[in-house]
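Reading through the C-alpha cells given below for one structure.
2 protein chains.
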Amino acid sequence: MNKLKAFSIVVFFFTSTLLLAQDSEIKTSSAQFIRDIYTEALTKGHAYEDLRFLCKEIGARITGSTEAQMAIEWGQKKMNAYGLETRLHEIQVPHWERGTKEVFYLKTSGGDHIKLRGLALGGSVGTKGTLRGRLIEFESLDSLKAASIEMVKGKIVFVNQAMDAKQIQTFKAYGGCYPLRGNSASVAAEKGAIGSVIRSLGLASDPHPHTGSMYYADGVDKIPAAAICTADANKIHAVFKNNPKQDIELVMEMDCRSFPDATSYNVLGEIKGSKYSDEIITVGGHLDSWDTGEGAHDDGAGIIHCLEAFRILKEMNYEPQHTLRLVFFMNEENGNKGGKTYAKWVKENEEKHFAAIESDRGGFAPRGFTCDGSEEQIEWLRTLAPVFKAYDLHVFEKGYGGVDIGPLKESYPGIPLFGFVPDSQRYFDMHHSPNDVFENVNKRELELGAAAIASFIYILDQKNP
Amino acid sequence: MNKLKAFSIVVFFFTSTLLLAQDSEIKTSSAQFIRDIYTEALTKGHAYEDLRFLCKEIGARITGSTEAQMAIEWGQKKMNAYGLETRLHEIQVPHWERGTKEVFYLKTSGGDHIKLRGLALGGSVGTKGTLRGRLIEFESLDSLKAASIEMVKGKIVFVNQAMDAKQIQTFKAYGGCYPLRGNSASVAAEKGAIGSVIRSLGLASDPHPHTGSMYYADGVDKIPAAAICTADANKIHAVFKNNPKQDIELVMEMDCRSFPDATSYNVLGEIKGSKYSDEIITVGGHLDSWDTGEGAHDDGAGIIHCLEAFRILKEMNYEPQHTLRLVFFMNEENGNKGGKTYAKWVKENEEKHFAAIESDRGGFAPRGFTCDGSEEQIEWLRTLAPVFKAYDLHVFEKGYGGVDIGPLKESYPGIPLFGFVPDSQRYFDMHHSPNDVFENVNKRELELGAAAIASFIYILDQKNP
Chain A
1 MNKLKAFSIV
11 VFFFTSTLLL
21 AQDSEIKTSS
31 AQFIRDIYTE
41 ALTKGHAYED
51 LRFLCKEIGA
61 RITGSTEAQM
71 AIEWGQKKMN
81 AYGLETRLHE
91 IQVPHWERGT
101 KEVFYLKTSG
111 GDHIKLRGLA
121 LGGSVGTKGT
131 LRGRLIEFES
141 LDSLKAASIE
151 MVKGKIVFVN
161 QAMDAKQIQT
171 FKAYGGCYPL
181 RGNSASVAAE
191 KGAIGSVIRS
201 LGLASDPHPH
211 TGSMYYADGV
221 DKIPAAAICT
231 ADANKIHAVF
241 KNNPKQDIEL
251 VMEMDCRSFP
261 DATSYNVLGE
271 IKGSKYSDEI
281 ITVGGHLDSW
291 DTGEGAHDDG
301 AGIIHCLEAF
311 RILKEMNYEP
321 QHTLRLVFFM
331 NEENGNKGGK
341 TYAKWVKENE
351 EKHFAAIESD
361 RGGFAPRGFT
371 CDGSEEQIEW
381 LRTLAPVFKA
391 YDLHVFEKGY
401 GGVDIGPLKE
411 SYPGIPLFGF
421 VPDSQRYFDM
431 HHSPNDVFEN
441 VNKRELELGA
451 AAIASFIYIL
461 DQKNP
Chain B
1001 MNKLKAFSIV
1011 VFFFTSTLLL
1021 AQDSEIKTSS
1031 AQFIRDIYTE
1041 ALTKGHAYED
1051 LRFLCKEIGA
1061 RITGSTEAQM
1071 AIEWGQKKMN
1081 AYGLETRLHE
1091 IQVPHWERGT
1101 KEVFYLKTSG
1111 GDHIKLRGLA
1121 LGGSVGTKGT
1131 LRGRLIEFES
1141 LDSLKAASIE
1151 MVKGKIVFVN
1161 QAMDAKQIQT
1171 FKAYGGCYPL
1181 RGNSASVAAE
1191 KGAIGSVIRS
1201 LGLASDPHPH
1211 TGSMYYADGV
1221 DKIPAAAICT
1231 ADANKIHAVF
1241 KNNPKQDIEL
1251 VMEMDCRSFP
1261 DATSYNVLGE
1271 IKGSKYSDEI
1281 ITVGGHLDSW
1291 DTGEGAHDDG
1301 AGIIHCLEAF
1311 RILKEMNYEP
1321 QHTLRLVFFM
1331 NEENGNKGGK
1341 TYAKWVKENE
1351 EKHFAAIESD
1361 RGGFAPRGFT
1371 CDGSEEQIEW
1381 LRTLAPVFKA
1391 YDLHVFEKGY
1401 GGVDIGPLKE
1411 SYPGIPLFGF
1421 VPDSQRYFDM
1431 HHSPNDVFEN
1441 VNKRELELGA
1451 AAIASFIYIL
1461 DQKNP
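Residue numbers (my numbering), protein chains in the order written: chain A, 1 to 465; chain B, 1001 to 1465.
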C-alpha cells in the first residue's frame, strides 16, 4: 500500500493540469535531464561498440559454455569500468550442447533427396547415429494432439504450424506458437513417434532455422526434436500436397546432449541510493543467448541497453535516491535459473524492492513500456506518455515485465515490473537463429533504447515516498 | 469552407464520446473493414514481391533514363492488372547522367595517397579530365560563407558539416544539412574555388556516399560537386587535424553531364467515385530514384505502399465515394517536374480536389500521418489516433505532406496534404546511396505501411460532405 501511494505521488510531477509552481520547476529540470540523457546516448554513446564487442569478440553464449563464462567476466569488468560496485552471484545452471552433427534430408517416394536446414531444439536428445522414419505432417499442435496412436506410432512427426502473420504485434503471433516448440516432442512420443520436427517460429519465409527450448514430459520417451527453417517447412508441405499418398521419409542426425548442471553467475552492479539506499530498483536483461548467431537482439541489445543506461547516469553524475541495481541474468533461455535464484536470494536477504525493469524484446526503435502491476501502477505509467512524446514513445500500458524479473513477483507481491517495448516487426526474423547477429542491429535504434531506459530509471527514481 | 465542414463531420464517426447509436454501427463496420485491410496486406499482400520486381528487375531509375521509362511502363501495366483506369501524363524532365568515371584521392604533403569513396552530386558538371587542387576544410556551410576570397580562391573546398545526431527525428537533422548539398558549390565558386566536395548527408559513419541534387546559382562558374562518404570525410578530417599546416591535395575525376530535357510521364490510375466522382483524392509517391542503389526506400517503398493500397481496396470490392487517383510521379529527385506539371494540369482541367496523400519517407514501421493544412484539418487528423492505436500508429499532427503533392497547394489553397510517417531512424543509412536496396526493406514493415495508407484513404473517403 505504501508503494502505491509512492507511485501516485509521482503522477503530480508529470500531469500538467495538476502542476504547482514548485512541481513545474521540477518538471522543467527533469525534461532537460532527459534531453541530456538522449544527447549523451546519441552523440557520445558506448552502446554500439559495447554490443559489437559482446557479439563479435565473445559471440553466442549459451548457459554453461566457455563463451557464457567469458561474457560474465566481460560484464563485471565493464560494470567496474563504468563505476558500479559489482559482485557475482553464484547459480547452478543446466548445460546442454549442440554437438557437431546436425543434418536433415527429406526422401520422397520417388527417391529424391531434399536437404533441409534445421537446428536441434535446446534440451533435445541426439539421434544416436542416423535416424530414419516415415514423416507425417500436422498443421498444428492441436491436430497432433487429436491424432490417434495408430497414425503416429513409429513415425517422425512434423508440426507445420505457422505464426499468425495478421497479428500486428509479432509477440502475440509468437505466443500462439510457443507451446508447439516446448511440447510437440512429448505429445508425439506419447503416441509412439520416434522423432519430432517443427516449423521454425519465425514469420518470414527464409532459410534461417530458429532454435529454442523444449521439454520432455515425465514418463514419455525422450525423442529427438528439431526445428526446420520456414522456407524448407514450406517445401515439405509442397511435397505432401503434390502427392498426399506418397511415403516420405525423414533422415536426421544430431549429436546434441545434456551434461550435469554447472556453476555459473548472475552479474550485479550497483549505484547506492542517497536517500533510500535500502530500496532497490533492479534493471536488467539476460547475458546468456542461444548457441547460434550472436545473441545480438536476444538479448545482447537488452544487456547493452541497461549497461549504457547506467553508464549514462554515472557519466551525468546522477545521484539516485534509491539503490539502482543492474543485473545481467544468466540462463533465461533454458531454465531461468538466474531469475529464479535472484528472486529467492533477495527475499532471503530481506532486501526491500521498489520496482524492476527488463529489456528483452530486441534493440529496435523504442515504442514505450508496459507494466505488470496494479491498476494504480499502470495508471502512473500512463502519465509518462507526455514526457516521452518528443522521443516517439507512445506505448504506456498494462503488459508483460520480463522472464528474468518475473519471479520477483513471488518474493514481492505488489511490486511493479516494467518491460521495455521496442518495435516488434523484425524481431522474429532473427530470434534464436543464425541471423541474430550484430549487423542486424541499427546503431541509432539501439542508442534510443538505452536513452529511453535511462530516462525511465530516472523518472522512477525521482518519486518521493 | 465547405471542405472544412466536411472534415469536421468525420470526427463524429471516430470520437467515442460523441457516438450515437447509428454512428456506433458505422464505427464498428469501419473498424472491421480496417482490420480486413491489414489482414489482406499481411497475409496475401503483393507489396514485397512488387517492390522486389521494381528494385531487382528494373533497378535504379533516374529521370530521363531507360530504367525510368521501363518503370513507367511497369507502373501502368501493374495499375491495369489491379483494375484501375490508367493513363500516362506527358511531362518534360531534366536529363543528367553520371557517366563512367568517378574517382577521388587525397594526397598528403608526405606524398601518401588515400582513396576516397564519393559520388558526383546530381546536376554537377564533370571535371574534364583529372582535376587537382589544394583542399581546404570548412566545418559548415556557414563557415564557408564567412571565408574570404583569398582563403578559397583556386582551391577545392570540403564542407564537412555533419548531420546532428542528437535530433530524434532524422529528417530534422537532414533539414539542417540540406542547403549544404544544394548550395556549397555555388558559394565556393563565388569565392573562386575550382571544385566542391561535401560530407555525405548520412548519420552513420559508413562507406556509402550519398548523392542528391545540387544547383548552380546564376552567374557563378559551374564547378564540379561531389559527396564523400562519412567514413572517408572523417579520414580527411583526421589528416587535417594531425597536421593542420600541411598542403593536402584532392585529385578527382568525374565525367557526369547534363543533356537536353527529355519527354517522360507521370502514371495515373483511377477508381471512379460512386457519389462524388468529380472530387478527387490524389495518392502517390515518386517513381524516379537516384541512379545508385535501387531506390528501394526512396521511393520504391512509397510507390508500392500506394499501389498496394489501391490493390487492396479493389480486392475488397470497395466502391469509393470520391474518385481515388493513384499517381506515380516522375522527377521528384531533381526538379519535381512531375509534381509541378500535375498541379498545373489538374487546375487547368478544372478538376475539384478533395485531398492528397503522399508516401516518400521510406518503407519502415508506420508511426502515423502528418497534415499540411488548416487547424481544423489537423484537428480532424488527431481524431484518428484511437482508430489506429491497435495498429501502433500514434503520430497524428501538423507536418509535411510531400514534395510531389506540394504544388497542389498553389492550385487549391486550403487543400489538406497528408504525409505518411514511418519510423525515421534507418532512413539516412540508405537514402540516395548504393545501400538503398531491396534487402534493406523489411517485408512486414512495408506491408504495414500499405495497410495504413489503404485504411487512411478509406477513412478520408468515408467523410460525408
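For glycine and all other residues, C-beta sits at the position ideal for the given N, C-alpha and C. Nothing here was measured: the structure is a model prediction, and the numbers come from that model.
>> Can you look up residue 1035(B) in the DSSP assignment and give me helix, strand or coil?
In response: helix
> When burial is assigned at 16 or more other CB atoms within 10 Å of the CB, is residue 78(A) buried or exposed?
Replying inline: buried
>> Within the continuous beta strand (DSSP E) that includes residue 226(A), where are the two ends?
In response: 225-228
>> Can you tell me which residues form a DSSP beta bridge with residue 1095(B)?
In response: 1259(B)
> At least one CB of chain A closer than 7 Å to the CB of residue 1442(B): is that the case?
Replying inline: yes
> Using a C-beta to C-beta distance shorter than 7 Å, which residues of chain A count as neighbours of residue 1394(B)?
Replying inline: 394
> Of all the CB atoms in chain B, is at least one closer than 7 Å to the CB of residue 425(A)?
Replying inline: Chain B contact via Cβ: present.
>> Taking CB distances under 7 Å as the criterion, tell me whether residue 341(A) reaches chain B.
In response: no
> Given a threshold of 16 other Cβ atoms within 10 Å of its Cβ, counted over all protein chains shown, does residue 1098(B) qualify as buried or as exposed?
Replying inline: buried
> Is the CB-CB distance between residue 266(A) and residue 94(A) below 7 Å?
Replying inline: no
>> Buried or exposed for residue 247(A), going by 16 or more other Cβ atoms inside 10 Å?
In response: exposed
> Would a C-beta distance cut-off of 7 Å place residue 1338(B) and residue 1091(B) closer than the cut-off?
Replying inline: yes
>> If you follow the beta strand (DSSP E) that residue 1179(B) is in, where does it begin and where does it stop?
In response: Counting along the chain, residue 1179(B) falls outside any beta strand (DSSP E), though it belongs to the alpha helix (DSSP H) covering 1170-1190.
>> Short of 8 Å Cβ to Cβ, which residues in the segment 25-41 of chain A face chain B?
In response: 38, 39
>> Does chain A have any CB closer than 7 Å to the CB of residue 1168(B)?
In response: yes
>> Do residue 401(A) and residue 360(A) have their beta-carbon atoms positioned less than 7 Å apart in this structure?
In response: no
>> For a contact defined as C-beta to C-beta under 8 Å, what are the partners of residue 367(A) on chain B?
In response: 1392
>> Can you give me the C-alpha to C-alpha distance between residue 76(A) and residue 383(A), rounded to a whole angstrom?
In response: Here the C-alpha atom of residue 76(A) lies approximately 35 Å from the C-alpha atom of residue 383(A).
> Between 1063(B), 1053(B), 1062(B), 1081(B), which lies nearest to residue 998(B) when the distance is taken from Cα to Cα?
Replying inline: Since the first residue shown for chain B is 1001 and the last is 1465, residue 998(B) is missing from the structure and cannot be characterised.
>> Just verifying my parser: in three-state terms, what is the DSSP assignment at residue 1010(B)?
In response: Its pLDDT being 34, under 50, residue 1010(B) is placed unreliably by the model, and the measurement read from it follows with that caveat. Residue 1010(B) falls in the helix class under three-state DSSP.
> Just how far apart, CA to CA, sit residue 462(A) and residue 421(A)?
Replying inline: Residue 462(A) and residue 421(A) have their C-alpha atoms spaced approximately 22 Å apart.
> At a CB-CB cut-off below 8 Å, which residues of chain B make contact with residue 301(A)?
Replying inline: Here the premise fails: no neighbours, minimum Cβ distance about 14 Å.
> Taking DSSP as the reference, what is the three-state secondary structure of residue 1313(B)?
Replying inline: helix
>> Contact defined as beta carbons within less than 8 Å: I believe residue 1270(B) pairs with residue 1050(B). What is the distance between those atoms, to the nearest angstrom?
In response: The pair is not a contact, with the Cβ atoms about 19 Å apart (cut-off 8 Å).
>> Let me see if you follow: with CB-CB separation under 7 Å, is residue 1127(B) close to chain A or not?
In response: Answer no: the Cβ-Cβ gap between residue 1127(B) and chain A never drops below 7 Å.
> Is residue 1112(B) buried or exposed, if buried means 16 or more other CB atoms sit within 10 Å of its CB?
Replying inline: exposed
>> Taking the alpha-carbon of residue 1304(B) as reference, which of 1322(B), 1292(B), 1328(B), 1273(B) has the nearest alpha-carbon?
In response: 1328(B)
> To the nearest whole angstrom, what separates the beta carbons of residue 1202(B) and residue 1429(B), a pair I think is in contact under 8 Å?
Replying inline: Residue 1202(B) to residue 1429(B), Cβ: 7 Å. Contact.
> Using the beta-carbon of each residue, which ones in chain A are nearer than 9 Å to residue 1189(B)?
Replying inline: Within chain A, no residue comes near residue 1189(B); the closest Cβ sits about 33 Å away, beyond 9 Å.
> Who does residue 251(A) pair with in a DSSP beta bridge?
Replying inline: 105(A), 132(A)
>> Starting from residue 1375(B), trace the alpha helix (DSSP H) in both directions and tell me its first and last residue.
In response: 1375-1382
>> Below 7 Å on C-beta distance, what does residue 370(A) contact in chain B?
In response: Correct list: empty, because the minimum Cβ distance to chain B is about 13 Å.
> Roughly how many angstroms lie between the CA atoms of residue 451(A) and residue 441(A), to the nearest whole one?
Replying inline: 16 Å
> How would you write the range of the alpha helix (DSSP H) that residue 1337(B) sits in, first residue to last?
Replying inline: 1337-1348
>> Using 8 Å as the cut-off, can you tell me whether the segment 205-214 of chain A makes contact with the segment 126-142 of chain A, which would need three or more C-beta pairs spanning the two stretches below that distance?
In response: In short, these stretches do not touch, since the Cβ pair count stays below three.
>> Quick check on DSSP: helix, strand or coil for residue 1046(B)?
In response: DSSP places residue 1046(B) in coil when its eight states are reduced to three.
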